[in-house]
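Working notes, structure below.
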Amino acid sequence: AQKVTQAQTEISVVEKEDVTLDCVYETRDTTYYLFWYKQPPSGELVFLIRRNSFDEQNEISGRYSWNFQKSTSSFNFTITASQVVDSAVYFCALSEALNFNKFYFGSGTKLNVKP
Amino acid sequence: GAVVSQHPSRVICKSGTSVKIECRSLDFQATTMFWYRQFPKQSLMLMATSNEGSKATYEQGVEKDKFLINHASLTLSTLTVTSAHPEDSSFYICSASEPQGAQYEQYFGPGTRLTVT
Numbered sequence: 083a084q085k086v087t088q089a090q091t092e093i094s095v096v097e098k099e100d101v102t103l104d105c106v107y108e109t110r111d112t113t114y115y116l117f118w119y120k121q122p123p124s125g126e127l128v129f130l131i132r133r134n135s136f137d138e139q140n141e142i143s144g145r146y147s148w149n150f151q152k153s154t155s156s157f158n159f160t161i162t163a164s165q166v167v168d169s170a171v172y173f174c175a176l177s178e179a180l181n182f183n184k185f186y187f188g189s190g191t192k193l194n195v196k197p
Numbered sequence: 016g017a018v019v020s021q022h023p024s025r026v027i028c029k030s031g032t033s034v035k036i037e038c039r040s041l042d043f044q045a046t047t048m049f050w051y052r053q054f055p056k057q058s059l060m061l062m063a064t065s066n067e068g069s070k071a072t073y074e075q076g077v078e079k080d081k082f083l084i085n086h087a088s089l090t091l092s093t094l095t096v097t098s099a100h101p102e103d104s105s106f107y108i109c110s111a112s113e114p115q116g117a118q119y120e121q122y123f124g125p126g127t128r129l130t131v132t
């Protein structure tokens, strides 16, 4: 069974619009980590955030914010006032207590921000 | 933060030849490294876990004889694609794990784009 689902394959927005990327995960562990990574066209993964399962506080970092809701097993990512440089593929990932080093990646959401 | 490098960044080879990709942790010792494969417009799929001084652990469906992994030192793991075929063309990404107290931080390399002609 897929552990991380990113239902949005591709999203296109116009610059300055807000956009939310969805991530739904599945795990039986009570202890786990959730991640978001950005992959620009160059291919290198850029770490954005890590959240452990015991910390449900939402987080804001500049134009980025994350909404973690254990009740719905979701860890959504919002970009406020999007910019062209935000165009990339964004991956959500999960690692579990059994092996924190093993990452399960979602299928990714390609974000196109048009000027 | 810690840095992981990969070499080469791009490689083109002919069908039937073997290609070696290196993954190095530049400023830390990594007892465990991971190899991922990413097909165009798809997600990253874990291929194998590489432990220093021992045999790699391969994920289901990954041919261990085709994708040879060697983790000879705490800073270097290599992936050799043997007898490469066009279907092996992909983006290969490694990551290295650094202990941070009771937890581990994982750092990803920049990836290697393999094209088999």
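Top to bottom, those sequences are chains A and B. Position in the first sequence (from 1) plus 82 gives the number in our numbering. Position in the second sequence (from 1) plus 15 gives the number in our numbering. No residue lacks a Cβ here, since even glycine has one placed at the ideal position from N, Cα and C. Values in this document were obtained by computation on a predicted structure and should not be read as measured data.
Of all C-beta pairs linking the region 152 to 165 of chain A to the region 20 to 28 of chain B, fewer than three are shorter than 8 angstroms, placing the two stretches out of contact.
With its beta carbon at least 8 angstroms from every one in chain A, Arg52 of chain B lies outside the interface. Pairwise C-beta distances place the region 78 to 98 of chain B in contact with the region 32 to 50 of chain B, as three or more of them are shorter than 8 angstroms. Inclusion of His86 of chain B and Ser65 of chain B in the CB contact set at 8 angstroms is warranted, their separation being smaller than that value. Taking each of B:Trp50, B:Val131 and B:Thr90 in turn and checking the Cα distance to Lys79 of chain B, the smallest one comes out for B:Trp50. As DSSP reads the structure, Met60 of chain B sits in a beta bridge with B:Arg52.
Boundaries of the beta strand (DSSP E) harbouring Leu83 of chain B: Phe82 to Ser88, taken from the DSSP string. Per DSSP, Asn134 of chain A is one residue of the beta strand (DSSP E) stretching across Val128 to Asn134. For Val167 of chain A, the three-state secondary structure derived from DSSP is helix. DSSP places Lys98 of chain A in the coil class of the three-state scheme, outside both helix and strand. Here Ala71 of chain B is actually not in contact with Ser112 of chain B; their C-beta atoms are around 14 angstroms apart, not less than 8 angstroms. Contact of Leu127 of chain A with chain B is assigned, a C-beta pair being separated by under 8 angstroms. Contacts with chain B (Cβ-Cβ distance below 9 angstroms) from the region 164 to 188 of chain A involve Val171, Phe173, Ala175, Ser177, Asn181, Phe182, Asn183, Lys184, Phe185, Tyr186, Phe187 and Gly188, listed in chain order.
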